[in-house]
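In this text, residue positions in the sequence shown follow the working numbering: the first is 2, and each later residue adds one.
The C-beta atom is built at its ideal place from N, Cα and C for all residues, glycine as well.
Remember, predicted model here, so these are calculated numbers, not experimental data.
Heads up, the thing below is written out as structure tokens.
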Amino acid sequence: MMIREQKKKEKAMKSKSDTKIVHKLLKSKEDSECKKKLSEEEEEEEEEEEEEEEEEEEEEEEKKKKKKKKKKRHSYVSCGEQKTNPQLFSPLFWKMMVK
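Have a look at this one:
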């Protein structure tokens with residue numbers, strides 16, 4: 002009888018240790034999977050941040066290019082008729098035009 006009880010105790014202890022090992026393995030596997038997911042998410046976030054930075058840089062470059070373009074002078078054009086700038090002509094010319 003003692004032998005049977007000892008064998009039962011040994012089996013119980015063995016099964017407990019086996020379940021502990023299995024639980025440890027499962028836990029370590031879950032941890033590694035979680036770490037992989039976290040690292041993937043971090044990489045995706047970094048890529049998104051890099052893309053946003055690149056877009057911002059491109060926008061800044063476009064703004065700089067627009068600023069570099071020379072501003073056009075006012076052309077004194079309204080309704081399809083071109084008007085001349087009165088300051089371009091001499092006062093003598095205007096005296097002749099008025100008469």
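Give the straight-line distance between the Cα atoms of isoleucine 22 and glutamate 47, rounded to the nearest whole angstrom. 37 Å
Straight-line CA distance for glutamate 31 to threonine 20? 16 Å
Rounded to whole angstroms, what's the CA-CA distance from methionine 97 to lysine 67? Just pull it up for me. 44 Å
Which residue marks the beginning of the alpha helix (DSSP H) containing serine 16, and which one marks its end? 3-69
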